[in-house]
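Chains A and B supply the protein sequences, listed in that same order.
For the first sequence, this note's numbering begins at 12 and goes up steadily by one.
For the second sequence, this note's numbering begins at 188 and goes up steadily by one.
A virtual CB, placed ideally from N, CA and C, is assigned to each residue, including glycine.
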Amino acid sequence: MSFFIALISLILVNIFLLKIESELIYVFIPVIVIFTEKHFKVDAKITIVSGLFFLSLCAVFMLINETVASKLAVWAFLLLLSGTFKMIFQQEETKKLKK
Amino acid sequence: MLALFKKNWPLAVILLLGLVPFFWFRPGKIIAGGDNYLSINPSAGYFESFFSWNSKTDAGTPSFQKPLIFPYFTFYYFGQKIGISLEFLQRVWLVFHFTARGIFAYFFIREIYRGKEKGGIVAGLIGAVFYMFNCLIMLDIMTLARTLTFTYLPVMLYLFMKGLEKRKLSLRYCFLIALVSILYSPANANFPVVFPIYLILALYLVYYVIFSRRVKHSLFFALITAVFVLVANLWWVTDFYFSQIQASKQFIAAVKEYDFIERTPISESFRTMGFWAFRTLLGDKPLIPFALPYYKLPLVLLTFMIPFLSFSSLLFRSENKKKYFFALLALTGIFLAKGANPPFGFIYNFLYDKVPLFSSFREPFAKFTLIHVFSFSVLLGFFTEDLYNYIAQKEKRYLKYAKVFPAVVILTILIICYPLFLGKSIQDETWYGDSRYSLFVKVPQYWKDLSIWLQRHNKDARILVFPKNFYGMTYNWESGASFAGPAAIPLLPNPIIMHPPRVPTSEQNRMAMLIYRSLYLGEKADIFPYLDLFNVGYVLQQNDAAFNNETGVFDPFIMNKLLSDQEYLKQEAGFGHLEFINQDKKSGQREVEALGIFSVRGNNKRRYIYSPQEVIFVSGRLEDYWDIFSFSEYSTGSAYIFSGDQYESINPAQFSASQIFISLKNKLDSKNNENYVYKFSVPVSSFFRLLINNLLVGKSEESGSKDYYFKINGIDLNKSSNKGTWGRSEPLLLAEGQHTFETNLPVEEIKDEYITNPFWIIEEKKQTELLSSEIIPQKINPAKYKVEISRNKGDSILILNESFHPQWKVYYKNQEQKPIHFLANGYANGWILPEELFKGNEKIDLEIRYYPQEVAQKAAVVSVFFVFTAVSYLSIDLLAGLVKKREQ
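Laid out in structure tokens, this is it:
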């Protein structure tokens, strides 16, 4: 959980302060998320909730600053994507264990 | 029945909401306009759509109207035949598809939810309501392709899922999918809009294969289904191949000129918004009046509620793998609809630049948003019902709130789409503060009168329409009208020649543009040669077309003066009356006829095919007509061959050219100090003159007192005479091969895009015998002509006044001949028929056919046979099932 708080903070720092524009960051961070989730056996729901959190922030920032809203939406997209994949694989693993 | 209703009570809600489009209409008016301008008279194209060649516009083009035949054209054509008004038919069409898509979505979501006996009812209702009322539909109610794609997508996916889940290969589902695909065949006229259906099926196949591991069965079922769909649609697929896949590079380049691949940021894509024109301002007013509230409270938050609640459905654990498929599908849709924007926008850019035909996805929002709208419908339904079930089982104290929640979601959906619900999303007279842009259209009676007049006089003669047509042309009709093309196309029976609405995409477009440019010459304008070469029988002046939105669109007074100055035009009739204020406002308010029709001297009968009396070879492009008609007199029956526009190179030695014109426009070889050196080739040894554009020399002479020289192969040439704007040198004998022309006239100022050339080399006219053969042409249908041709001394030349296409072929005794096929007159088909073809006969009968029509006819037979087989199989299958049930 604390990892995700750190991750979200890092993303927010990048959006509002560091402003790194490279698309490589959109590759590295989701990869880190996936490996961390796998290593610490984090529930995929947490990633989904993080994605929903960014989506909510995006909605708010649509009223204030649309550029920031777009950046938040990118992270919402990536977190929801990795969360969904993770959820599918977790379900498959559970199924295997049941068998 | 009661039991069915109890199980499916939401159908009543869907049926009621399905009636909403009925209230969008206004008495006596249809909804038409924009890109959907053919809907002002949809049955007009019924018979022409059966042919692979569309001779109605642009001097003929490969047709892709066949998919519109069923059910679209058929519905309107027979509906109007039995006396139903167009307005009522439109209402029925819209209400049917609006309701049907809700019902299909309801059953689809219910089926995949698979809960308890009553499970999926709420999910189905919520999903269906969102599928009917969403931002994509709100922005585009009338597009035929979208209407049909939305309606049949749930059915296609449902049948595909069922077919995959069967233990053995089920031909029943293969046949059903193929038959359903016919119902949305008109959508294929705009293939990028229908593409999401196939993409979704393909993605589901991949998903199913991965998780079921039934690789062989799944791929086999998909393959059989694909083949069945292809065969069922073969009746239009062949035309798709010839008209779309083989589309010219010019067309693709023109499409790419207007792309919107960076207009939809991912934040907009999430909330199924981001239409490129949504926030555009027209002056200080928004193009779409209801756009601004979508960037303020509460609509911003409400629109984000939809993806938020949809993805929240993932928080409820479920054994149902399909839910995860729709989550992934939603993310795929969001990703594609955002186009070239981050993240990973380079992927879209790569596909757009490198993958053939992907350029048709130049507006990703409109093409791909259906994918996540559909996914959100499913996920939103799942979330609402899962939440209710969760509260009912674990948090009973909140049950009273949970019961209200579905109603709140429906209300939210309707609030988000309030313009759609209230009919405000249809462009009316309040948009742009100008009634001309209204989509509520009432076609004036005088257009109907003109149509009747043409039916009586000559419905085959080509009509050139004035003023200049442009994209977004508007008409001063009772309730306004705004079209992507001239109203004459759907409203008049005759073929139309017009200025292309945007950039030119073909030779005939480029040539038509020359006519409209000529009007800038005012009273000196002479458009007769173009009218004759296009074989135009009538000129139509639309005084009811608005003239103040685009350059080159002259007001009715200027146009009528211009047209009445042309001695070869005769005003035949006028229709309707309008009051106008002249553009220069000096002559005050005057009354004019709404439509004026002029006949062109000698062209009142359509000349489909002719054999030219002289052939002029031009080393240049068709835009050189502008110069050619200023230095050489045009005579009816001439033909021009432009070497620069040919698809395959042609040499004047292959036929006996009466005269050769060589443009020096792009032949500048080098420049030393002030000496400009041109290199040019002459194809045959003959006498040639140099023509010098006096306007250019005159301008240079005014700027200084310098003497200019003009030399060919070092021989000094003097201007010996003047004709109009052209100075002429004495003739000089030039041998076949390359030659040099030198001058100190500063020609570097002549830009490539200028319409006039500085210099021409023209051959002295030869006193050749007439080349023309006697011919008797007959039009069988738009894709087939018969011609009786008499033998000539030497080879004969035949010109078909339809746009050039390599698939127009010559047949003799049903055998394809391969004479030299060239681009004649800048746009038409020309053939050099060798004398041997006659084999001693004085006359022979030839046929000229557009080959794709023959392919399409054979394909149609295959499709009809397939449909018959499919219906028979399904009937037998159904009967067998019923018998089995009864026996049990």
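| Query | Result |
| --- | --- |
| Q758 (chain B) Cβ short of 7 Å to the ligand FMN heavy atom set | With respect to small molecules bound, the structure shown includes none, and the ligand FMN cannot be examined in it. |
| Residue from B:A374, B:G901, B:N420, B:L469 with nearest C-alpha to Y865 (chain B) | B:G901 |
| Pair within 8 Å by beta-carbon distance, A524 (chain B) and E449 (chain B) | no |
| Amino acids of chain A, ordered along the chain, whose beta-carbon sits closer than 7 Å to that of I521 (chain B) | F88 |
| Beta carbon proximity, S67 (chain A) to chain B, threshold 8 Å | yes |
| Minimum C-alpha distance to K52 (chain A) - residue among A:K109, A:K107, A:K97, A:K106 | A:K97 |
| Residue span of the alpha helix (DSSP H) that contains P964 (chain B), given as start and end | From DSSP, P964 (chain B) is part of no alpha helix (DSSP H) but of the beta strand (DSSP E) over 962-968. |
| Beta-bridge pairing of D903 (chain B) - partner residues as DSSP gives them | B:K898 |
| Touch test, the stretch 313-320 of chain B against the stretch 253-271 of chain B, Cβ-Cβ under 8 Å, three pairs minimum | no |
| Cα-Cα separation, C604 (chain B) to N321 (chain B) | 6 Å |
| Alpha carbon of V1042 (chain B) to alpha carbon of K611 (chain B), nearest angstrom | 46 Å |
| Cβ-based contacts, 7 Å cut-off: residues of the stretch 40-69 of chain A near chain B | K56, I59, G62, L63, L66, S67, C69 |
| Environment of Q695 (chain B) [buried if 16+ CB atoms lie within 10 Å] | buried |
| Under 7 Å from the C-beta of I99 (chain A): neighbouring residues of chain B | Y511 |
| Within 8 Å, strictly: CB atoms of E32 (chain A) and S454 (chain B) | no |
| Proximity to F570 (chain B) [Cα-Cα], best of B:F537, B:D245, B:V309 | B:V309 |
| 9 Å Cβ cut-off: residues of chain A touching V487 (chain B) | A70, V71, M73, L74 |
| Within chain A, the residues that S564 (chain B) reaches when beta carbons sit closer than 8 Å | Simply none; closest approach about 17 Å. |
| The beta strand (DSSP E) enclosing G724 (chain B), as first and last residue numbers | 723-729 |
| Buried versus exposed call for S497 (chain B) [16 or more other C-beta atoms within 10 Å across all chains shown] | buried |
| First and last residue of the uninterrupted beta strand (DSSP E) at Y1076 (chain B) | In the structure displayed, chain B extends from 188 to 1075; residue 1076 (chain B) sits before or after that span and is not available. |
| Cβ shell of E780 (chain B) (< 7 Å), same chain only, five flanking positions each side left out | N730, G761, F762, G763, H764 |
| C-alpha distance - L882 (chain B) paired with N909 (chain B), whole-angstrom precision | 12 Å |
| Spatially closest choice to L68 (chain A) from A:A17, A:F14, A:E48, A:I22, by CA coordinates | A:I22 |
| Which listed residue (B:Y795, B:R788, B:I803, B:D742) has its alpha carbon closest to that of E778 (chain B) | B:D742 |
| 8 Å CB neighbourhood of S892 (chain B) in its chain, flanking five on each side removed | Because the pLDDT at S892 (chain B) is just 49, under 50, the model does not fix this residue reliably, and the value given afterwards should be weighed accordingly. Answer for S892 (chain B): no residue qualifies. |
| Candidates B:W813, B:A246, B:G659, B:Y725: closest to W913 (chain B) by CA position | B:W813 |
| Closest Cα partner of S399 (chain B) within the set B:R354, B:I411, B:L358, B:P1039 | B:R354 |
| Check whether I758 (chain B) and F734 (chain B) have beta carbons under 8 Å apart | Here the sequence assigns Gln to residue 758 (chain B), which means Ile is not the residue at that position. Cβ distance not < 8 Å, so Q758 (chain B) and F734 (chain B) don't count as in contact. |
| Environment of Y445 (chain B) [buried if 16+ CB atoms lie within 10 Å] | exposed |
| Which residues DSSP lists as bridging P249 (chain B), in chain order | B:W240 |
| Backbone CA spacing between L1033 (chain B) and Q994 (chain B) [nearest angstrom] | 16 Å |
| I986 (chain B) vs N1012 (chain B) beta-carbon contact at 8 Å | yes |
| S836 (chain B) (DSSP reduced to helix, strand or coil) | coil |
| Supposed contact pair N880 (chain B) and P933 (chain B) - C-beta distance, whole angstroms, cut 8 Å | In fact, because the Cβ distance is near 13 Å, the residues do not count as touching under 8 Å. |
| Residue from B:D615, B:L601, B:F552, B:L501 with nearest C-alpha to L574 (chain B) | B:L501 |
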